[in-house]
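Q: Counted from 1, the sequence shown has number 35 at position 28 by the numbering used here; the numbering is strictly sequential. All C-beta atoms in this analysis are idealised placements derived from N, C-alpha and C, irrespective of residue type, glycine included. Got a structure for you, questions after.
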Amino acid sequence: MVLLVIDTQKGITDDRLYEFEKLKSNIKELIALARENNKEVIFVQHDDGPGTGFSVGDEDFEIFDEFAPNDGEKIFTKNVNSALHPSTGLLDYLKKKGVKTVMMVGIMTNFCIDATIRTGFDNGFEVLVPEYTNSTYDNEFMDRASCYRYYNEFMWPKRYAKCITMEEARSRMQGK
Numbered sequence: 008m009v010l011l012v013i014d015t016q017k018g019i020t021d022d023r024l025y026e027f028e029k030l031k032s033n034i035k036e037l038i039a040l041a042r043e044n045n046k047e048v049i050f051v052q053h054d055d056g057p058g059t060g061f062s063v064g065d066e067d068f069e070i071f072d073e074f075a076p077n078d079g080e081k082i083f084t085k086n087v088n089s090a091l092h093p094s095t096g097l098l099d100y101l102k103k104k105g106v107k108t109v110m111m112v113g114i115m116t117n118f119c120i121d122a123t124i125r126t127g128f129d130n131g132f133e134v135l136v137p138e139y140t141n142s143t144y145d146n147e148f149m150d151r152a153s154c155y156r157y158y159n160e161f162m163w164p165k166r167y168a169k170c171i172t173m174e175e176a177r178s179r180m181q182g183k
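So this is what it looks like as structure tokens:
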């Protein structure tokens, strides 16, 4: 199993996110547990391209300090929604390593998290989504709480992912 930390970048990781404090706490805990239990932690950053303010070299592009990768941890960059799109190289990397289960956390629920979960499912991975480890902002169509609930309680379970409690996530990280 690997822990995939998606788009937790400085420019979007803030209190506009649904249940921001819970999100921060849970993601930090899972990163620490993964490291303690020799599970690989892989980070993904979204790049909107030069001149956007959200690209390589821009402060907002950098990974949120509280989730910072350790030396040697893999970081993949993408310019599409799914972290598992062939252009990122991540899918090939996971397949070559023989990974079967991917625990996914990050931002934004309704964009890159959803796309990555579906791509993971389509490629045969067991996808685990711990509670309050993904989030999004309000938008003109849906408030952030409704969006979180729609995906985590309706769209993903029994279709694309196993949406699990933090207790189960801890247990899985510890190999129990």
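1. Let me confirm a value: I82 is counted as buried when at least 16 other C-beta atoms fall within 10 Å, else exposed. Which label applies?
2. Starting from T108, trace the beta strand (DSSP E) both ways and give me its first and last residue.
3. For S142, which of helix, strand or coil comes out of DSSP?
4. When you compare only the Cα positions, how much space is there between R179 and K35?
5. If I follow the unbroken beta strand (DSSP E) through E47, where does it start and stop?
6. Just tell me which of K31, L24, R23, I49 has its CA closest to the CA of G8.
7. Less than 8 Å between the C-beta atoms of K107 and E133, yes or no?
8. Would P137 and L37 be called neighbours here (beta carbons separated by less than 8 Å)?
9. To the nearest whole angstrom, what separates the beta carbons of T123 and I19, a pair I think is in contact under 8 Å?
10. Going by DSSP in three states, A152 sits in which element: helix, strand or coil?
11. Name the DSSP bridge partner or partners of P164?
12. In the structure shown, what three-state DSSP assignment does T59 receive?
13. Within the stretch 64-101, note down every full beta strand (DSSP E) run reaching 3 residues or more, in order along the chain.
A: In this structure, then:
1. Counting from 1 along the sequence shown, the entry for residue 82 is found at position 75. Answer is exposed; the Cβ neighbour count stays below 16.
2. Residue 108 sits at position 101 when you count from the first residue of the sequence shown. First-last of the beta strand (DSSP E) with T108: 108-114.
3. One-based indexing of the sequence shown puts residue 142 at position 135. Of the three classes helix, strand and coil, the one that applies to S142 here is strand, per DSSP.
4. Here residue 179 corresponds to residue number 172 of the sequence shown, with the count starting at 1. Here residue 35 corresponds to residue number 28 of the sequence shown, with the count starting at 1. Each residue's alpha carbon lies about 16 Å from the other.
5. Within the sequence shown, residue 47 is the residue found at index 40, counting from 1. First-last of the beta strand (DSSP E) with E47: 47-53.
6. Taking the sequence shown and counting its residues from 1, one reaches residue 8 at position 1. In the sequence under discussion, the amino acid at residue 8 is Met, which differs from the Gly named in the question. The shortest Cα separation from M8 among K31, L24, R23, I49 belongs to I49.
7. Here residue 107 corresponds to residue number 100 of the sequence shown, with the count starting at 1. Here residue 133 corresponds to residue number 126 of the sequence shown, with the count starting at 1. For K107 and E133, yes; Cβs fall inside 8 Å.
8. Here residue 137 refers to the residue found at position 130 when the sequence shown is read from its first residue. Here residue 37 refers to the residue found at position 30 when the sequence shown is read from its first residue. Yes, the pair counts as a contact, with Cβ atoms nearer than the cut-off.
9. Along the sequence shown, read from residue 1 onward, the residue named residue 123 stands at position 116. Along the sequence shown, read from residue 1 onward, the residue named residue 19 stands at position 12. So it is not a contact: roughly 15 Å between Cβ atoms.
10. As a first step, residue 152 must be located in the sequence shown, where it is residue number 145. Of the three classes helix, strand and coil, the one that applies to A152 here is helix, per DSSP.
11. The residue given as residue 164 occupies position 157 in the sequence shown. In the DSSP output, where bridge partners are listed per residue, P164 has A168.
12. The residue you call residue 59 lines up with position 52 of the sequence shown. Three-state result, T59: coil.
13. 82-85
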